[in-house]
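Undergrad: First the structure, then my questions, so here it is.
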Amino acid sequence: MENKLAIAVTFIVGVALGYASLLSGVWYLMILSGAIVGVILSTRWLYQFLALFAAGAAANITYIYPLLGDGLPKLMYDVGLIAGLNGNILLPLMVVLSAAMSGAGGLVGSSIREAARTRLRREQTQKAQ
Amino acid sequence: MASSRGVYFRLGAGLAVIVLIVLIGVFTPLITLLNPATGVAQNAANLAVVNRHYRVNGLTNTATIIQDVNGVYHIYASNNHDLFFALGYIQAENRLFQMEVFALTGLGNVSTMLGSSYDSYDRFWTTIGAPLTAMEDWERVLANASVNPTDNLTATALEAYSEGVNAYIAYAETHNTLPFEFKLLGFKPFSWTPVDSFAVQELETTLEFGDDGLIFALLYHMLGNQTYTLIPTFSPFQSYYYAGYNGPPNPYVLAVSHNTYPVNSTLAYMAHRVAEEWDPLSLSMLNYFLNPATHSNEWVVSGNRTTTGYPILVGGPVLSFSLPAIWFQVQLVDPTYDVYGVVLPGAPVVVIGFNRYISWTLTDTQAISDGTYFWDQAVKGGEYLWDGVWHPITQYHINGLTVNWTNLGPILYQNGTNALVVTWMGNTYSNDIGALLNIMKAESWQEFRAALEIWKAPYQNFAFEDNTTIADISPACYPIFNSTAGLPYNPSSIMPGDGQEYISGCIPYNMVPQVVNPPQGFIVSSNQRQVGPAYPYWFGNTMTPSPGFRALMEVNYLETHPKVSVQDMMTLQSDNYTDYEAALTLPYIIRDLSNNTNPLVMKALSQLESWNYEMNTNSTAASIWFYTYMYLYNDTFIPYLYAKGVLPTYEDVINPSGMGGSFPGTTGLSSMDVDLAYIIMTGNPSPFSNKTLSELLGEAVVQAMSYLESSHPDGDYTWGHFYGFNFPSLLGVPSLSVGPLPRGGDYNTPNDASGGGPPSNWPSGGQSWTMIVSASNISDSYGVYPGGQSENPASPFYSNYVYVWIKGGYLPLYFIPSPTLFPRALVDDTVTLTPK
Chain A
4 MENKLAIAVT FIVGVALGYA SLLSGVWYLM ILSGAIVGVI LSTRWLYQFL ALFAAGAAAN
64 ITYIYPLLGD GLPKLMYDVG LIAGLNGNIL LPLMVVLSAA MSGAGGLVGS SIREAARTRL
124 RREQTQKAQ
Chain Z
2 MASSRGVYFR LGAGLAVIVL IVLIGVFTPL ITLLNPATGV AQNAANLAVV NRHYRVNGLT
62 NTATIIQDVN GVYHIYASNN HDLFFALGYI QAENRLFQME VFALTGLGNV STMLGSSYDS
122 YDRFWTTIGA PLTAMEDWER VLANASVNPT DNLTATALEA YSEGVNAYIA YAETHNTLPF
182 EFKLLGFKPF SWTPVDSFAV QELETTLEFG DDGLIFALLY HMLGNQTYTL IPTFSPFQSY
242 YYAGYNGPPN PYVLAVSHNT YPVNSTLAYM AHRVAEEWDP LSLSMLNYFL NPATHSNEWV
302 VSGNRTTTGY PILVGGPVLS FSLPAIWFQV QLVDPTYDVY GVVLPGAPVV VIGFNRYISW
362 TLTDTQAISD GTYFWDQAVK GGEYLWDGVW HPITQYHING LTVNWTNLGP ILYQNGTNAL
422 VVTWMGNTYS NDIGALLNIM KAESWQEFRA ALEIWKAPYQ NFAFEDNTTI ADISPACYPI
482 FNSTAGLPYN PSSIMPGDGQ EYISGCIPYN MVPQVVNPPQ GFIVSSNQRQ VGPAYPYWFG
542 NTMTPSPGFR ALMEVNYLET HPKVSVQDMM TLQSDNYTDY EAALTLPYII RDLSNNTNPL
602 VMKALSQLES WNYEMNTNST AASIWFYTYM YLYNDTFIPY LYAKGVLPTY EDVINPSGMG
662 GSFPGTTGLS SMDVDLAYII MTGNPSPFSN KTLSELLGEA VVQAMSYLES SHPDGDYTWG
722 HFYGFNFPSL LGVPSLSVGP LPRGGDYNTP NDASGGGPPS NWPSGGQSWT MIVSASNISD
782 SYGVYPGGQS ENPASPFYSN YVYVWIKGGY LPLYFIPSPT LFPRALVDDT VTLTPK
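First to last, the protein sequences are chains A and Z. First residue of the first sequence? That's 4 in my numbering, and the numbers climb one at a time after it. First residue of the second sequence? That's 2 in my numbering, and the numbers climb one at a time after it.
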C-alpha cells in the first residue's frame with residue numbers, strides 16, 4: 004500500500020514537473036525533472052523508474068493533447084515521410100523520448116540519492132567504530 | 002558492496018540513456034523536430050479552424066480577415082496600409098516557406114536554404130541580372146515615391162505588406178509555429194523587404210526567359226536557310242490575329258526575319274555551351290515557372306453574344322503545378338479597393354481577377370523570342386567593343402559571383418575575345434506591381450489601358466471586360482532593332498554586338514497589339530501570334546510557345562456559338578477536349594490511308610473514322626491519334642536532323658518530339674508541330690523526308706498500333722491510360738505530391754500541357770487558375786486553382802482544390818463587400834488583427 008502511494012506520488016509529481024519542463028521549451032529539462040523527483044522521493048528504484056517513465060509520457064501526451072484534434076497525427080506522419088522516416092513512428096517516438104528523458108533522469112536521481120545515503124551510512128558506521 | 006555496485010550500474014545506465022539522447026540531439030535534427038513545445042508538433046496549431054485574434058505592432062486600425070468555406074481569404078481594412086499589412090500577415094501564416102523560397106530564388110540565393118544542389122539555379126538568376134533588377138526596381142520606386150503617385154502607392158503597399166509578413170514571422174517565432182520546413186532545414190526565416198516582393202515579381206518575368214535565340218542559331222549553323230522552312234516566320238494556318246494586321250507579310254519584316262547573322266563554329270560553340278547550362282529543362286528542379294511547354298488561354302465575349310447581354314471573360318493561365326500552388330486567392334477591401342483574384346505568394350497584387358467594374362486575365366504572348374536577345378560581342382582585358390571604341394566592362398559582385406556586364410547586358414559566356422551577351426527585357430525597369438495596383442482599382446478600359454502603359458516586361462496579353470467593353474492589349478517594351486548597315490539581322494538568332502545592330506527604342510504604346518470591341522464580338526488570345534503578317538514591326542517567329550491550334554479551336558467554338566452562357570464557357574474551358582490539329586489534319590490522314598491494306602492500319606482507321614477528335618479518357622481513338630502523330634513526327638524530322646548533323650551534335654539541347662515535346666525526355670518546338678500539320682495537309686514532306694506522306698503515315702500508324710497493342714494486350718488502351726496530371730510538392734517530395742490523376746485533353750486543348758504515355762511523364766502543368774467572370778453579375782463568377790490555400794500538408798486546405806479542378810469543376814467566387822454582409826453559412830473562420 005505504501006509502495007503504491009509512493010509510486011502514485013512519484014508519477015504525479017513527475018507529470019507536473021515534466022509538464023513544466025515542456026512549457027519552458029527546453030526539452031532536456033525533462034531529464035532534470037526526472038532527476039529531481041528521483042532525488043527527493045524515496046521508493047524502490049525500479050518502481051520509481053517506471054513511474055517516471057510513465058510520467059514523462061503522460062506529460063508529453065497532456066502537452067500535445069489539444070493539438071491532436073487539429074491534425075497533429077497527420078502532420079507528424081507527413082513530416083516523418085519528408086525526413087525519410089516511417090511517418091507512423093514520429094509521434095510515438097516523441098512520447099518515448101520524453102518518457103526516456105524523465106525515466107533516465109529518475110534513474111540518475113535515485114542513484115545519486117542512494118549513493119549519498121550509502122556514503123552517509125558508511126561515514127556514520129566509521130564514526131561509530 | 003553488491004548494493005553499491007547496483008547503484009553505480011543504475012547511475013551508469015541512466016547516464017548512458019541521457020548521453021545517447023544528447024548525442025541524437027547533437028548529430029540529428031530529431032530532438033529539435035520532435036520537441037513537443039518548439040518542434041513540428043506546434044505547427045498543428047495553425048491547422049485549427051478557429052477564430053483568432055492577434056494584437057500586432059504596425060496596424061493603424063482593426064483589420065478583419067474572413068476565410069470562407071472554400072478557404073479563400075476576404076480581407077477588410079480601413080486604409081491601404083492596413084489592407085496590405087493584413088494581406089502580408091495572412092499570406093505568411095499560410096505560405097511563409099514558399100514565399101521565402103520564391104524570394105531567395107528570385108534573388109539568386111536559394112542554395113543558402115536548400116543546399117548546393119541549387120547552385121545552378123542561383124548562378125542562372127544571378128547572371129541574368131534578376132537580383133540586381135529587383136534591387137534597382139525598389140530603389141527607383143522609392144526615389145520617385147514623392148513625385149509619382151503610382152510609385153508612392155507601390156511603396157505604401159510594399160512596405161505595409163513587408164510589415165505584415167514580418168509581424169507574422171515575429172509571432173510565429175514566439176509561438177513556435179514557423180513552417181516545419183524551416184525546422185527541418187534548420188533555416189531561420191529572413192525579414193521580408195520590398196526587394197523580396199520585387200524578386201518574386203521578377204520570377205514572373207522569368208516566365209519569359211528563353212533560349213530560343215540560341216537554339217535558332219544552332220539550327221542555322223547546321224541547316225542554313227532551310228532553318229526558315231523548319232522555323233517559319235508566320236504560321237500557314239493562323240487566320241485569326243486578335244489585333245488585326247491580316248494580309249500579306251510586311252516585306253521589311255520578312256527580310257529581317259530571313260537575314261540571320263552568320264553563325265560560325267566559335268559562335269555555335271558558345272551558344273551550345275550556354276544553352277546546355279541555361280536551358281530551362283535543366284533548371285526545372287523547383288516546380289515553378291520554368292516548364293518550357295506550358296501555355297495559357299484567355300478569351301472574352303461581348304454582350305451581344307452572351308445569353309445575359311453582358312460580356313463574359315475567361316482566364317486560364319497555364320503554369321507548372323506545385324503544392325503549394327503558385328496562386329493564393331483573396332478578396333481585398335478598403336476604401337480604395339474592392340478586388341478579388343489571385344496573388345503570387347510574396348507580392349501584394351492581384352495578378353488576375355476582377356473588381357465590381359472590370360475583370361482581367363493574362364496569357365503569354367507568342368513569338369518575340371521571350372524578350373531574350375543574344376549578341377556576339379568582342380571583349381578584351383576587361384573592356385568590350387562598341388562602335389569601334391573599347392569601353393570598360395561593369396562588374397557586379399553578388400551572391401559570391403562576379404557578373405560582367407557590357408552595354409548590352411550580362412556576358413553569359415566568353416571564349417577568347419568573343420563573348421555571348423544577353424539583353425533580357427526582364428532587366429528593363431518596369432513597375433509591374435504599380436501597374437497592377439492601378440488595375441486593381443480601375444473602373445474602365447481607359448483607366449485599365451493607362452495603368453498598363455508602364456508595363457515593360459514580361460510580355461503578356463491582358464484580356465479585359467466591363468459592362469460594355471471587351472478588349473485585349475499586349476503592353477511591353479518590344480524592342481525595335483535597327484542597323485547602321487541598313488537591314489538589321491534577325492533578332493530571333495544571335496546578332497552582331499559591335500554597334501552595327503542596336504535597339505533604337507520600343508514599339509510605341511499605341512502600336513503594341515491591342516483591340517477594343519471587335520466586330521466579331523469576341524477576342525481570343527491563347528498564345529497565338531497577336532498581329533498578322535502585315536504588322537509593320539518585327540515580332541518574332543513561330544518557334545514558341547504555341548502552334549496555335551488551341552486558339553483556333555476556341556475561335557471556331559465562339560464563331561459557331563452565337564449566344565453563350567457562363568455554363569458554356571465552363572464547358573469550353575474545362576470540359577472540351579477537342580484536338581483541333583486532329584480536326585484539321587485527320588481527314589487528310591484517313592484519305593491518304595484509305596487504300597492501305599495493312600491489318601493494323603485498317604483497324605486504326607476503323608476507329609479514327611468515327612472519332613470526334615475529343616481527347617477523352619475513355620477514347621481509344623484518341624490514343625491511336627496521339628501515337629500516330631508522335632511517331633509520324635519522329636519519322637519525319639528525326640532522320641532529317643541526323644542527316645543535317647543537328648543530331649546527335651546538339652541532342653542535349655535540341656531533342657524534339659511532337660506536341661510540344663510530349664515524349665519523355667524531349668523538348669518541343671512549336672514550329673515543327675506547325676510544319677507537320679502543313680505536311681499532312683499538303684501531302685509534301687519535302688525537304689524533311691524523301692519518303693512519301695503515305696509511306697510515313699503507314700509506318701507511323703503501324704508503330705502506334707504495335708505499341709498500343711503490346712502495352713495493352715487486352716485492347717483497353719483508352720486515353721486515360723496515357724494522359725493526366727501530376728501535382729508535385731514544392732520540393733518534389735513524393736509523399737506530399739498528388740497524382741497522377743487521369744483527365745482528358747492534350748497539348749492542343751485548353752486543358753493543355755505537353756506530356757503523355759507513362760504516368761511519370763504526365764504533365765505537371767496546366768490551367769493554373771480557371772476563372773470565369775460574368776459582367777452581368779460578378780457574384781455569378783467561378784474559379785479554382787489546382788492546389789490549396791495552405792502550404793501545410795496536414796491542412797484540409799493543402800490540396801483540396803485539386804480534386805475540384807481534376808473533374809473540370811469550379812467553385813463560386815464569393816464577392817462580398819463587407820464583413821457584416823458575409824453570410825454566416827459561408828464563414829469558415831475569422832482572423833481579427835488589432836493594433837498593439
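The C-beta atom is built at its ideal place from N, Cα and C for all residues, glycine as well.
#1: Using a Cβ-Cβ distance under 9 Å, would Z:N793 count as near chain A?
#2: Taking the alpha-carbon of Z:S754 as reference, which of Z:L215, Z:Y55, Z:S321 and Z:L231 has the nearest alpha-carbon?
#3: My output table needs one value for Z:A326: the three-state DSSP class, helix, strand or coil.
#4: Determine, using beta carbons only, whether Z:A49 comes closer than 9 Å to chain A.
#5: Any contact of the region 757-770 of chain Z with the region 325-334 of chain Z, i.e. 3+ C-beta pairs under 8 Å?
#6: Would you mind working out which of Z:K189, Z:S620, Z:M441 and Z:N416 sits nearest Z:T175, comparing C-alpha positions?
#7: Do Z:I67 and A:M104 have their beta-carbon atoms positioned less than 9 Å apart in this structure?
#8: Residues of the region 7-24 of chain Z with a CB closer than 9 Å to any CB of chain A: list them in chain order, please.
#9: Could you tell me whether the Cβ of A:A23 comes closer than 9 Å to any Cβ of chain Z?
#10: Go through its chain and collect everything with a Cβ distance to Z:V513's Cβ below 8 Å, but skip five positions before and after it.
#11: How about Z:T629 and Z:A705: do their beta carbons lie closer than 9 Å?
#12: Our contact map puts A:L55 next to A:G108 with C-beta atoms below 8 Å; I'd like the distance itself, whole angstroms only.
#13: I think Z:T364 touches Z:K184, with their Cβ atoms under 8 Å apart; what is that distance to the nearest whole Å?
#14: What is the C-beta distance between A:G106 and A:G21, in whole angstroms, given that I count them as a contact (C-beta under 8 Å)?
#15: Taking Z:A45 as the query, report the chain A residues whose CB atoms sit under 7 Å from its CB, ordered along the chain.
#16: Who are the neighbours of Z:T178 on chain A, taking C-beta pairs under 9 Å?
#17: Can you list, in chain order, the residues of its chain whose CB lies under 6 Å from that of Z:G342, leaving out five sequence neighbours each side?
#18: Between A:L84 and chain Z, is the shortest Cβ-Cβ distance under 9 Å, so that the two count as touching?
#19: Pull up the DSSP beta-bridge partners for Z:H75, would you.
#20: Just to confirm the assignment, what range does the beta strand (DSSP E) spanning Z:E384 have?
#21: Give the straight-line distance between the Cα atoms of Z:A200 and A:K77, rounded to the nearest whole angstrom.
#22: Checking contacts by CB at 9 Å: is A:S101 closer than that to chain Z?
#23: Going by DSSP, what residues sit across from Z:C478 in a beta bridge?
#24: Have a look at the DSSP bridge pairing and note the partners of Z:Q415.
#25: Take the Cβ of Z:A436 as the centre, count every other Cβ of all protein chains shown within 10 Å, and call the residue buried at 16 or more, exposed below.
#26: Contact criterion: CB-CB distance below 9 Å. Does Z:P797 meet it with respect to chain A?
#27: If Z:L585 sits next to Z:A678, beta carbons under 8 Å apart, how far is it from one beta carbon to the other, in whole angstroms?
#28: Excluding the 5 residues preceding and the 5 following Z:P30 in the sequence, name in chain order all residues of the same chain whose CB lies nearer than 8 Å to its CB.
#29: Bridge partners of Z:Q768, per DSSP?
#30: Straight-line CA distance for Z:D715 to Z:N597?
#31: Quick one: does A:A107 have its CB under 9 Å from some CB of chain B?
#32: Excluding sequence positions up to five away, which residues of its chain have a Cβ less than 8 Å from the Cβ of Z:N177?
#33: Which residue wins for smallest C-alpha separation from Z:N691, given the options Z:S147, Z:V702, Z:Y641 and Z:S672?
#34: Please confirm if the region 158-173 of chain Z is in contact with the region 80-90 of chain Z, defined as three or more CB-CB distances below 8 Å between the two stretches.
#35: Judging by CA-CA distance, which residue of Z:Q396, Z:N619 and Z:P787 is the nearest neighbour of Z:Y811?
#36: Once you ignore the five residues that flank A:T65 on each side, which residues in its own chain have a CB closer than 8 Å to its CB?
TA: The short version:
#1: yes
#2: The identity of residue 754 of chain Z in the sequence shown is Ala, whereas the question assumes Ser. In terms of CA proximity to Z:A754, Z:S321 leads the group Z:L215, Z:Y55, Z:S321 and Z:L231.
#3: If DSSP states are grouped into helix, strand and coil, Z:A326 belongs with coil.
#4: yes
#5: yes
#6: Scanning Z:K189, Z:S620, Z:M441 and Z:N416 for the CA closest to the CA of Z:T175 turns up Z:K189.
#7: At a Cβ-Cβ threshold of 9 Å, A:M104 and Z:I67 do not count as neighbours.
#8: When C-beta distances to chain A are compared with 9 Å, the residues of the region 7-24 of chain Z below that value are G7, V8, Y9, F10, R11, L12, G13, A14, G15, L16, A17, V18, I19, L21, I22 and V23, in chain order.
#9: no
#10: I474, S475, P476, A477 and Y479
#11: yes
#12: 7 Å
#13: Z:T364 to Z:K184, Cβ: 39 Å. No contact.
#14: Actually they are not in contact, since the Cβ atoms of A:G106 and A:G21 sit about 11 Å apart, beyond 8 Å.
#15: L70, D73, G74, L75 and L78
#16: Neighbours of Z:T178 on chain A: none; closest Cβ ~11 Å, over 9 Å.
#17: V351, I353 and G354
#18: Chain Z, which has a Cβ nearer than 9 Å to the Cβ of A:L84, makes this yes.
#19: Z:I67 and Z:Q332
#20: Z:E384 -> beta strand (DSSP E) spans E384 to W387.
#21: 34 Å
#22: yes
#23: Z:C478 is not bridged to any residue.
#24: Z:A420
#25: buried
#26: yes
#27: 6 Å
#28: K184, L185 and G187
#29: Z:V319
#30: 25 Å
#31: Protein chains A and Z are contained in the structure displayed, whereas chain B is not.
#32: A38, T39, G40 and Q43
#33: Here the closest residue by C-alpha is Z:Y641.
#34: yes
#35: In terms of Cα proximity to Z:Y811, the closest of Z:Q396, Z:N619 and Z:P787 is Z:P787.
#36: V18 and Y22
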